[in-house]
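Undergrad: Below: one structure in structure tokens.
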Amino acid sequence: MTVTNFVKQTSFPVGYAPAHITKWRSARTGLQLTYIDQPSPMVNGYFAVATEIENDSGCPHTLEHLIFMGSHKYPYKGLLDSLGNRFFSSTNAWTAVDQTVYTLTTAGWEGFKTLLPIYLDHLFRPTLTDEACLTEVYHIDGNGQEKGVVFSEMQGIESQSWFISFLEMQRSLYRESSGYSSETGGLMSELRKLTNNDIRQFHQENYRPDNLCVVVTGSVDQQELLEIMDQIDSELPTLETPNKRPFVDSVPDEPLQKTVVKEVLFPDTDESMGEVLVSWIGPVASDTLLNVAIDLLGSYFSDSAISVFNRALIEIENPLATDVDYSTNDYVRTGIIFSFSGVPTESLRDLDYKIKELIKHHSKPENFDLNYARELIHQQRLKFISKCEKSASTFSNITIEEFIYGNVDGSDLSKWTQDLKEYDVLAGWTAEDWAKVIHDQLVVNHSVTILGKPSAQLTETQNRENKKIADDILAKYGKDGLKKLGEILKHAQEHNDREIPSSVLTQFGQPDPEKISFITTQSYRGGLNKLEGPYEDDSLAQSISKDTPAEFPLFMHFEQFKSQFTTVHLVMPSSFIDTKLLRYMSVLEEIFTLPIRLPDGTILPYNEVISELNNDFIDFELDNGFDNQFQELITVKVKFEVKNYEKAISWLINVMKYAIFDKNRVKIILEKLVNSIPDEKRSGELMMYSCQSRTLFNDRSLKKAQDCISNEQFYKGLLAKIEDDEFDEIEKDLNKLRTQLFDLNGMKLFVLGNCTDLKAPVSSWNRFVQEFKSDKVQPIEFSDLPRSFKYKSEIGEKMADRAYIVTTPATESTHLIVSTGIPTDYLHEDVFKIALASEFFTAVEGPFWRGIRGTGLAYGASIRRDLECGTLSFIIYRGADGEGAWKTAKDIIHEYASEKLQFDKINIENSIAAIVNALADGESSSYDAASSKIADNIFKHRGPEYVKFFLRKLRTITSNELVEITKKYFIPMFDSRHSVVFTCVPPSKSSDYEKFFASQGYDVVIEEIAADSDYESGSEGSESESESESE
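Going letter by letter, the sequence shown gives residues 1 to 1031 in full-length UniProt numbering.
Laid out in structure tokens, this is it:
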């Protein structure tokens, strides 16, 4: 047997999911390794470092970025990502308050095992050059603009309401010297002062073998994994004496000695709606039972429309909030947080009082709803099992927490993951037991309340401060100083962007995609399904066939895979609905929260409906699309235990046919929709996409019909009708919408998961068919299903000449999308070339990454191809200099089109490999594989084995063809004659962007998202603005 430094600490099968967990710790260095064996084509690595810092400098976050700039053994920026592209892999990282975690996601073990030692070498021995620090963290360019990748990222969030409120909450809960009270991302004011020496020192103190855990999930060769880790470990310094464990060995943060209520301001011109955070320092992490109890109480108070807070504060007339969210901070002691959004500003303090009164009320045993709590235990247990069955990510998260806070001997890992005995114990708790936890943890335990209040004055103050910073930079450096800064930056960029020798990239070879074990599922058809395809002919197929009644008028498709659960998707077209009724869709989406009148006249109140639905389903919803695609379709989706199949069908009948559009419920839904709009207006990115949807699509498209800005006045008008006692008209519209949508001729039924154990898989739908049958059986063909490109507006059809600039005061970053037209046929020859060219330009360490992100122009730049809309789009995310990012992208595209730059063989190969990784990642679970198979075979008409066909097509594409496709589609994207621009910018920058896009040949329309109306549109550079406005 091979001798290894890694000592096995624990190994056990998980009792409720297809997983086996093993953990080792190196006796030599203290390095930890955990392997979660759960079958998947994807192998995931999580390399976790416990990171504690007592200031807002951003050392943990900036170091996260600098790790990818090269190691001493591999001193090239982006080598890790370039190799990742080549090895069917992608890398990423996140920095939280107490951890920095680096991820490696690879299609197959072959690529993962090659990259693992290279990745860990970057973690332990990064170069941390001054040049990398300059470009990645913070710099001033030759024009006096502040940039840097990390700076751009933080600039995009630092003025957001959630960021301001959360930071103030942390500072109020924890000591000033506590690592938990720091902003580990780095405040902009601190990033300006941060030095590379600070970052190096932080790395030396924290990136030690004994402070790092390697977590691996998926299907791997365990012995080979241990051998690789042993080799890595042997090159690391030994652990002479135990080091201080971050947080665990620090001065503990105990629960508060007094209750705190603080008002904090965030910038926004709309001062109507704010937010409330209520938080506590709760029990120690090691008390598993108490922590599960706390989580269940979080659900008790906030999980659904019938939870305590929802019923008393949200699902009421004149709601005090539009939404509540429960979350925890899993620290040494668990942080307990309730977040309320869409709170009328004048009600902020009143809401805080009522929250605490409700908690106090339920801390008395006689007021605690024990039956509801026990229902929740059953529901939450099933949801947890479902989540763990689908993905190993839940286990990886727990493993990271165990590494940071658990016992060094690994004994906590099995306690936290092996079984679900805590649910069994809690199912036996009395009302007194629950009331005591509420009393101890949420009543006598002091809380912090943050009242987040919008302030127009703060918006003006920040604008003045930003202008002063810009003016001070110009005054400080002057023309000559700025020129010198530009030269320093150029030198740093040249140093960072040294070309990686081809020999370095190719020395490791390239894995064989044929060795990737894609998940397979089995397809079966029933009813009206006469499609050709990869349908099985076995005992289950025969069972389905025998169970199908004669002339059964419903299309049915079954996708079988091993699972404890079954999911039903009932997919319907929006094209059956009258245009004027489409705007009600956001109301109809709440159909599962309405009361029901059964055929015998019995009325089920909405709270009973939700309670019983929660008992019988793991998930239920009505929403757009299928598999997050095809946005003009509408899907009713329910997930349940196999034994509840017939019950699920009965519920679909009751909800879809017998739900009552009760006036009070509809009013509450509308009030929540209206009250949520101010919060949505604070998202610059969302407002950009809103403008795009309203402009490129007509009233028949759900993309426009459900847009929040387009519908603001419509919703307010409906509320006015209700106040004027004109609800009958609304009710009539909603019933007509329901009848048109739930037409059997439009329904396509998909059943995914455990189909083998379904009793009467087809005939169980007989009653459903009778309830919804039409006079005439004329089922819609898949080829006739609505697609977004069919509903383009005049501007959307033309796709030319216009640039729309949206201004929102609550953002400091720029978001931008520019679109041009492409084919909508999924098998069009150009589609494959567009896919490969898109990946080539946007690959990590590819042309856009180096030219835009690497120079600090924006946090992200990407290309999106949307065949449903028929658009190819260039997107800037959190831009520090949107104009510069646009110019750079345009220049890059032109340089490749003119062949000044070459589509080289290595990067073409890398781009294909990156596509392989994305395809495998999209099918990383049986459910995802089944959904993807349905989308490919049925909705996109791409046929069976599409992935293999796609990869074969990609391998035939030449560099010359990529040049031609760039000329044909990518050049027009930056040509005003063939594209439309949408961007959201701070108001102070709108005039600069207006001049820039006018200089590029666009007619510019400026749209101000106003506080008291849907929007205001106007422009000096456009002949007509009316086309961009809604009704």
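The beta-carbon is built from N, C-alpha and C at its ideal position, and this holds for glycine as well.
Could you check if isoleucine 817 is buried or exposed, using at least 16 other CB atoms within 10 Å of its CB as the buried criterion?
TA: Translated into positions along the sequence shown, residue 817 becomes position 817. Flag for isoleucine 817 reads buried.
Undergrad: Valine 276 and serine 302 - do their beta-carbons sit closer together than 9 Å?
TA: To locate residue 302, count along the sequence shown from 1; it is residue 302. To locate residue 276, count along the sequence shown from 1; it is residue 276. It is not a contact, given that the beta carbons lie outside the stated cut-off.
Undergrad: Is the number of C-beta pairs between the segment 841-860 and the segment 71-79 that are closer than 8 Å three or more?
TA: Counting Cβ pairs under 8 Å, three or more are found: they touch.
Undergrad: Determine the direct distance from the alpha carbon of aspartate 619 to that of isoleucine 398, and round the result to whole angstroms.
TA: As a position in the sequence shown, residue 398 is number 398, starting the count at 1. As a position in the sequence shown, residue 619 is number 619, starting the count at 1. Each residue's Cα considered, the two are about 23 Å apart.
Undergrad: Can you tell which of Ile834, Asp881, Val980 has its C-alpha closest to the C-alpha of asparagine 143?
TA: By one-based count along the sequence shown, residue 143 stands at place 143. With distances taken between Cα atoms, asparagine 143 lies closest to Asp881.
Undergrad: Let me know if threonine 241 comes out buried or exposed under the rule of 16 or more other beta-carbons within 10 Å of its beta-carbon.
TA: Stepping through the sequence shown from its first residue, residue 241 is reached at position 241. Its Cβ having fewer than 16 others within 10 Å, threonine 241 is exposed.
Undergrad: Could you tell me the boundaries of the alpha helix (DSSP H) in which proline 573 lies?
TA: Position 573 of the sequence shown, counted from the start, is the residue given in the question as residue 573. Proline 573 -> not in any alpha helix (DSSP H); beta strand (DSSP E) instead, spanning 565-573.
Undergrad: If you follow the alpha helix (DSSP H) that histidine 20 is part of, which residue opens it and which one closes it?
TA: Mapped onto the sequence shown, residue 20 falls at position 20. Note, histidine 20: premise wrong, no alpha helix (DSSP H); beta strand (DSSP E) at 20-26.
Undergrad: Taking the alpha-carbon of residue 1089 as reference, which of Asp616, Lys258, Glu254, Val278 has the nearest alpha-carbon?
TA: What the structure shows of the chain is the stretch from 1 to 1031, and residue 1089 is not part of that stretch, so it cannot be assessed.
Undergrad: Among Leu613, Asp662, Ala48, which one has its Cα closest to the Cα of residue 1032?
TA: Residue coverage of the chain in this structure runs from 1 to 1031, which leaves residue 1032 outside it and unanswerable.
Undergrad: Rounded to a whole number of angstroms, what is the C-alpha to C-alpha distance between glutamine 222 and serine 932?
TA: If you number the sequence shown from 1, residue 222 lands on position 222. If you number the sequence shown from 1, residue 932 lands on position 932. C-alpha separation (whole angstroms): 30 Å.
Undergrad: Just mark valine 806 as buried or exposed, buried being the case when its beta carbon has 16 or more other beta carbons within 10 Å.
TA: Looking up residue 806 in the sequence shown gives position 806. It counts as buried.
Undergrad: Check whether the Cβ atoms of isoleucine 157 and lysine 681 lie closer than 9 Å to each other.
TA: Translated into the one-based positions of the sequence shown, residue 157 becomes position 157. Translated into the one-based positions of the sequence shown, residue 681 becomes position 681. Taking 9 Å as the Cβ cut-off, isoleucine 157 and lysine 681 do not qualify as a contacting pair.
Undergrad: Which value, in whole angstroms, describes the spacing of the CA atoms of tyrosine 804 and cysteine 691?
TA: The residue given as residue 804 occupies position 804 in the sequence shown. The residue given as residue 691 occupies position 691 in the sequence shown. So the two alpha carbons sit approximately 8 Å from each other.
Undergrad: Once the 5 residues before and after alanine 705 are set aside, which same chain residues still bring their CB inside 6 Å of it?
TA: As a working mapping, residue 705 is identified with position 705 in the sequence shown. So the list reads Leu582, Arg583, once near-sequence residues are dropped.
Undergrad: Closer than 6 Å by C-beta to aspartate 830: which residues in its own chain qualify, once you throw out the five before and the five after it? Chain order, please.
TA: Indexing the sequence shown from 1 puts residue 830 at position 830. The residues are Pro823.
Undergrad: Following the continuous beta strand (DSSP E) through threonine 34, name the residue where it begins and the one where it ends.
TA: Position 34 of the sequence shown, counted from the first residue, corresponds to residue 34. Its beta strand (DSSP E) spans residues 32-37.
Undergrad: Nearest to serine 925 by alpha carbon, out of Cys755, Gly186, Ser219?
TA: Counting from one through the sequence shown, the residue named residue 925 turns up at place 925. Here the closest residue by C-alpha is Ser219.
Undergrad: Does any C-beta atom of chain B lie closer than 9 Å to the C-beta of asparagine 206?
TA: As a matter of chain content, chain B is missing from the structure shown, which is built from one protein chain.
Undergrad: Would you be able to state if there are at least three C-beta pairs under 8 Å between the segment 936-947 and the segment 121-131?
TA: The segment 121-131 vs the segment 936-947: no contact.
Undergrad: Would you list the residues sitting across from lysine 637 in a DSSP beta bridge?
TA: For the purposes of this step, residue 637 is identified with residue 637 of the sequence shown, where counting begins at 1. The partner list for lysine 637 (beta bridge, DSSP) reads His569, Glu621.
Undergrad: When the Cα atoms are used, what is the spatial distance from leucine 420 to arginine 381?
TA: In the sequence shown, counting from the first residue as 1, residue 420 sits at position 420. In the sequence shown, counting from the first residue as 1, residue 381 sits at position 381. Approximately 8 Å between the Cα atoms of the pair.
Undergrad: Does DSSP put methionine 556 in a helix, in a strand, or in coil?
TA: For this step, residue 556 is matched to residue 556 along the sequence shown. Strand.
Undergrad: Buried or exposed: which applies to glutamate 494, given that a residue is buried once 16 or more other Cβ atoms fall within 10 Å of its Cβ?
TA: Your numbering for residue 494 matches position 494 in the sequence shown. With fewer than 16 other Cβ atoms within 10 Å, it is exposed.
Undergrad: Here's the rule: buried if 16 or more other CB atoms are within 10 angstroms of the residue's CB, otherwise exposed. What is isoleucine 912?
TA: By 1-based counting over the sequence shown, the position of residue 912 is 912. By the neighbour-count rule (16 or more Cβ atoms within 10 Å), isoleucine 912 is buried.
Undergrad: How about leucine 320 and phenylalanine 340: are their beta carbons less than 9 Å apart?
TA: Here residue 320 is taken as the residue at index 320 of the sequence shown, counted from 1. Here residue 340 is taken as the residue at index 340 of the sequence shown, counted from 1. In this structure, phenylalanine 340 lies closer than 9 Å to leucine 320 by Cβ.
Undergrad: Let me know the secondary structure DSSP gives lysine 364 once reduced to three states.
TA: To locate residue 364, count along the sequence shown from 1; it is residue 364. Reduced to three states, the DSSP call for lysine 364 is coil.
Undergrad: Which of helix, strand or coil does DSSP assign to residue 1059?
TA: An answer regarding residue 1059 cannot be provided, because it is not within the stretch 1 to 1031 covered by the chain.
Undergrad: Work out the CA separation of valine 216 and serine 26 for me, nearest whole Å.
TA: Numbered from 1 along the sequence shown, position 26 holds the residue referred to as residue 26. Numbered from 1 along the sequence shown, position 216 holds the residue referred to as residue 216. Using only the alpha carbons, I get a separation of about 16 Å.
Undergrad: Check proline 549 in the structure and name its three-state DSSP category.
TA: Numbered from its first residue, the sequence shown carries residue 549 at position 549. Looking at proline 549 - three-state DSSP - the assignment turns out to be coil, as it is neither helix nor strand.
Undergrad: Would you list, in sequence order, the uninterrupted alpha helix (DSSP H) runs of no fewer than 4 residues that lie entirely inside the segment 403-429?
TA: Within the segment 403-429, the complete alpha helix (DSSP H) runs of at least 4 residues are 411-417, 421-427.
Undergrad: Hey, out of Asn937, Ala470, Thr100, whose CA is closest to proline 534's CA?
TA: Counted from its first residue, the sequence shown places residue 534 at position 534. Among Asn937, Ala470, Thr100, the Cα nearest to that of proline 534 is on Asn937.
Undergrad: If I'm right that asparagine 44 touches serine 575 with Cβ under 8 Å, what's the distance once you round it to whole angstroms?
TA: Within the sequence shown, the letter at position 44 stands for residue 44. Within the sequence shown, the letter at position 575 stands for residue 575. Asparagine 44 to serine 575, Cβ: 40 Å. No contact.
Undergrad: For alanine 93, which of Val150, Val448, Leu744 has the nearest alpha-carbon?
TA: One-based indexing of the sequence shown puts residue 93 at position 93. Minimum Cα distance to alanine 93 is reached at Val150.
Undergrad: Name the residue from Asp623, Leu554, Arg738, Met747 whose alpha carbon lies nearest to the alpha carbon of alanine 659.
TA: Numbered from 1 along the sequence shown, position 659 holds the residue referred to as residue 659. Here the closest residue by C-alpha is Arg738.
Undergrad: Starting from phenylalanine 840, trace the alpha helix (DSSP H) in both directions and tell me its first and last residue.
TA: Indexing the sequence shown from 1 puts residue 840 at position 840. Looking at the DSSP string, the run of the alpha helix (DSSP H) that includes phenylalanine 840 is 829-842.
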